[in-house]
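Under the numbering used here, the sequence shown has 264 at position 265, and the numbering climbs by one with no breaks. Beta carbons are placed, not taken as given, at the ideal position from N, Cα and C, and that holds for glycine.
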Amino acid sequence: MLITDIKGLVGLHPKDKLVLRGNELNDLPVLENAWLLIEDGLIKDFGEMGNLPSPTAHLPYYSAQGRYVFPTWCDSHTHIVFAASREEEFAMKIQGKSYEEIAAAGGGILNSADKLQRASEDELFQFAALRLKQMILQGTGAVEIKSGYGLTTESEIKMLRVIRRLKDQFPIPIKATFLAAHAYPTAFKNNHQGYIDLIINEMLPQLAEEELADYIDVFCEKGFFSVSETDQILKAGAKYGLKPKIHANQLSVSGAIEVAVDNGAISVDHLEESNEESIETLKNADTIVTLLPSCSFYLGIPFADARGFIQADLPVALATDYNPGSTPSGNMNFVVSLACIKMKMFPEQAINAATLNGAAAMELSRDYGSIAVGKKANLLITKPMPSIAYLPYSFGESQVDEVILNGEFYNG
Ligand code: NIG
Ligand code: FE
Numbered sequence: 000m001l002i003t004d005i006k007g008l009v010g011l012h013p014k015d016k017l018v019l020r021g022n023e024l025n026d027l028p029v030l031e032n033a034w035l036l037i038e039d040g041l042i043k044d045f046g047e048m049g050n051l052p053s054p055t056a057h058l059p060y061y062s063a064q065g066r067y068v069f070p071t072w073c074d075s076h077t078h079i080v081f082a083a084s085r086e087e088e089f090a091m092k093i094q095g096k097s098y099e100e101i102a103a104a105g106g107g108i109l110n111s112a113d114k115l116q117r118a119s120e121d122e123l124f125q126f127a128a129l130r131l132k133q134m135i136l137q138g139t140g141a142v143e144i145k146s147g148y149g150l151t152t153e154s155e156i157k158m159l160r161v162i163r164r165l166k167d168q169f170p171i172p173i174k175a176t177f178l179a180a181h182a183y184p185t186a187f188k189n190n191h192q193g194y195i196d197l198i199i200n201e202m203l204p205q206l207a208e209e210e211l212a213d214y215i216d217v218f219c220e221k222g223f224f225s226v227s228e229t230d231q232i233l234k235a236g237a238k239y240g241l242k243p244k245i246h247a248n249q250l251s252v253s254g255a256i257e258v259a260v261d262n263g264a265i266s267v268d269h270l271e272e273s274n275e276e277s278i279e280t281l282k283n284a285d286t287i288v289t290l291l292p293s294c295s296f297y298l299g300i301p302f303a304d305a306r307g308f309i310q311a312d313l314p315v316a317l318a319t320d321y322n323p324g325s326t327p328s329g330n331m332n333f334v335v336s337l338a339c340i341k342m343k344m345f346p347e348q349a350i351n352a353a354t355l356n357g358a359a360a361m362e363l364s365r366d367y368g369s370i371a372v373g374k375k376a377n378l379l380i381t382k383p384m385p386s387i388a389y390l391p392y393s394f395g396e397s398q399v400d401e402v403i404l405n406g407e408f409y410n411g
């Protein structure tokens with residue numbers, strides 16, 4: 000397929016550029032008035048309209064009619080396998096209850112786990128597939144999905160099998176993360192080591208046997224998993240080749256970043272709270288800093304210091320955190336808007352963070368996250384827009400017109 004009359008081809012990073020650190024995020028290369036050639040699902044070539052290859056030689060061709068072409072969003076942090084929404088907590092939140100108070104009152108992760116344990120694998124698959132379809136139609140073309148609402152061996156494996164089915168049935172790359180260390184089940188409230196032993200001795204061997212996970216995650220936070228508990232779980236995961244992606248510093252500075260970096264984490268996610276030491280630790284690592292502004296927006300907690308991280312030369316990525324409790328939305332367009340509006344990222348920085356660096360946070364940036372010859376043709380075509388900045392500027396309104404996956408239009 001040949002796409003012609005593209006107002007701007009966005010995100011033309013060199014193919015070997017796999018991650019953008021610090022000020023590199025400022026540079027979002029764009030070719031104006033362009034064409035793009037796709038062959039066998041890959042980007043074959045592109046250029047200016049002045050040098051258009053003869054269209055008849057490359058049928059079918061499609062005119063973008065003055066619209067922009069972006070790489071699809073790469074959403075590297077989601078929890079989209081869940082049994083039910085939690086809008087009953089929404090009212091509690093409006094009344095002024097905090098995330099921790101709602102969890103203590105029987106809401107939160109344990110509430111979701113209770114519902115998930117009673118749902119069948121088929122039901123969970125249907126629900127998650129609907130969410131994923133919606134996300135793709137909003138421009139997402141690669142995604143990471145976590146377990147963590149099972150909290151028993153049977154239900155954690157059930158969640159991971161749902162993710163496996165999503166991998167098999169959707170035309171986008173999906174990474175699975177094992178997050179049994181999301182909360183202590185009530186039965187282990189006073190026996191943390193008992194639950195950790197269950198994770199290490201029962202869950203990990205079983206999921207490894209079925210090759211169900213790519214990464215391991217821990218919610219390292221006061222009232223959830225301590226730094227030493229996190230360390231124990233990550234070291235056990237490493238024996239099965241699972242690299243960490245960690246929930247760190249969401250509600251407090253906890254030492255999560257240090258333990259994550261020590262264990263070779265691909266990413267540390269959240270960081271609504273941070274201090275100089277966390278930044279120093281990250282400066283000496285390749286770990287990606289994944290920020291989730293729609294979680295801050297929904298919970299009313301501080302927004303992460305994106306500018307500080309960029310100034311410290313760190314690789315910042317953006318993701319949704321789509322889950323029923325803290326972020327009931329999988330809309331990356333909104334995430335990019337919030338990153339600009341509330342974290343004062345520039346549109347170029349936010350778009351790079353939501354594409355190439357998101358791909359890097361899933362170890363997918365060799366094939367996804369930017370437009371380069373030889374990379375996958377996972378692209379979104381915008382509605383007519385006056386400029387690139389218009390996309391985050393027009394918050395709450397989707398500027399995504401068409402989504403192309405592996406060179407083919409996606410219609411859900
Ligand atoms: O990333 N913080 C931990 N996990 C999720 C929320 C889970 C929930 O409330 O169901 C998050 O915000
Ligand atoms: Fe999360």
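To which residues of the same chain is residue i closer than 8 Å at the C-beta, ignoring the five residues directly before and after it?
i, result
"glutamate 122", "Ala82"
"glycine 254", "Cys219 and Val226"
"alanine 63", "Ile2, Thr3, Asp4, Ile5, Lys6 and Ile380"
"serine 154", "Ala112, Leu115, Gln116 and Tyr148"
So residue i and residue j are in contact, right, with Cβ under 8 Å, and what is the actual spacing, rounded?
i, j, result
"asparagine 332", "glycine 65", "Not really, about 20 Å apart at Cβ, beyond 8 Å."
"leucine 379", "threonine 151", "39 Å between Cβ atoms; not a contact."
"leucine 11", "isoleucine 309", "About 21 Å; that fails the 8 Å criterion."
"phenylalanine 126", "histidine 181", "So it is not a contact: roughly 18 Å between Cβ atoms."
"glycine 105", "glutamate 88", "Rounded, the Cβ-Cβ distance is 10 Å, inconsistent with contact."
"leucine 291", "aspartate 261", "With 8 Å as the limit, leucine 291 and aspartate 261 do not qualify as a contact, their Cβ atoms being about 23 Å apart."
"threonine 77", "isoleucine 144", "5 Å"
"isoleucine 245", "glutamate 362", "So it is not a contact: roughly 15 Å between Cβ atoms."
"lysine 441", "tyrosine 214", "A question about residue 441 goes unanswered here, because the residues of the chain that appear run from 0 up to 411."
For residue i, collect the residues of the same chain with a Cβ closer than 7 Å to its Cβ; drop the 5 residues on either side in sequence, then sort them by chain order.
i, result
"leucine 206", "Ile156, Leu159, Phe177 and Ala212"
"glycine 222", "Glu99"
"serine 328", "Ser293, Thr319 and Tyr321"
"serine 336", "Pro391 and Phe394"
"aspartate 44", "Leu36 and Val372"
"leucine 17", "Ala359, Ser364 and Arg365"
"asparagine 248", "Ala255, Ile256, His269, Leu270, Glu271, Glu272, Ser273 and Ser277"
Please return the same chain residues whose Cβ sits closer than 6 Å to the Cβ of residue i, not counting the five positions on each side in sequence.
i, result
"leucine 298", "Tyr98 and Ser325"
"leucine 250", "Glu220"
"proline 184", "Leu150"
"asparagine 274", "Val252"
"leucine 317", "Leu290, Val334, Ala338, Ala352 and Ala353"
"tyrosine 148", "Phe81, Ser111, Ala112 and Leu115"
"methionine 134", "Gly329"
"threonine 229", "Val217, Cys219 and Val258"
Which residue's Cα is closest to the Cα of residue i: the options?
i, options, result
"phenylalanine 408", "Lys43, Glu47, Tyr60 and Leu11", "Tyr60"
"glutamate 47", "Asp4, Leu317 and His12", "Asp4"
"proline 314", "Lys341, Asn330, Ser253 and Leu281", "Leu281"
"glycine 140", "Leu58, Gly357, Phe45 and Asp320", "Gly357"
"phenylalanine 302", "Met342, Pro383 and Pro323", "Met342"
"glutamate 120", "Ile162, Ala255, Tyr214 and Gly193", "Ile162"
"valine 68", "Leu36, Ala352 and Glu271", "Leu36"
"valine 29", "Leu1, Asn405 and Val9", "Val9"
"alanine 33", "Gly40, Leu24 and Leu51", "Leu51"
"arginine 306", "Asn405, Ile340, Lys374 and Pro184", "Ile340"
"aspartate 312", "Asp285, Ala376, Ala175 and Ala353", "Asp285"
"tyrosine 239", "Glu257, Glu208 and Lys132", "Glu208"
"glutamate 210", "Leu241, Phe224 and Ile198", "Leu241"
"methionine 384", "Ala186, Lys375, Glu396 and Lys374", "Glu396"
"arginine 365", "Ser62, Ala235, Ile198 and Ile42", "Ile42"
"leucine 58", "Lys174, Lys16 and Glu38", "Glu38"
"serine 84", "Leu203, Glu272 and Arg130", "Arg130"
"leucine 355", "Ser75, Asn283 and Ile256", "Ser75"
"tyrosine 194", "Gln231, Arg164, Ala360 and Phe169", "Gln231"
"phenylalanine 493", "Leu203, Ser146 and Phe224", "The displayed coordinates of the chain run from 0 to 411. Any statement about residue 493 would go beyond what the structure contains."
Which partner residues of residue i appear in the DSSP bridge assignment?
i, result
"alanine 264", "Answer by DSSP bridge pairing: none, since alanine 264 is not bridged."
"phenylalanine 69", "Leu379"
"histidine 269", "Ala247"
"glycine 7", "Glu31 and Tyr67"
"isoleucine 215", "Phe177 and Pro243"
"asparagine 322", "Thr326"
"glycine 46", "Trp34"
"aspartate 74", "Val142"
"phenylalanine 408", "Ile403"
"leucine 317", "Leu290"
At a Cβ threshold of 8 Å, is residue i touching chain B?
i, result
"glutamine 192", "Of the protein chains in this structure there is only one, and it is not chain B."
- Would you be able to state if there are at least three C-beta pairs under 8 Å between the segment 342-351 and the segment 387-405? yes
- Message: Three or more C-beta pairs under 8 Å: does that hold for the segment 395-404 against the segment 104-119?
- Response: no
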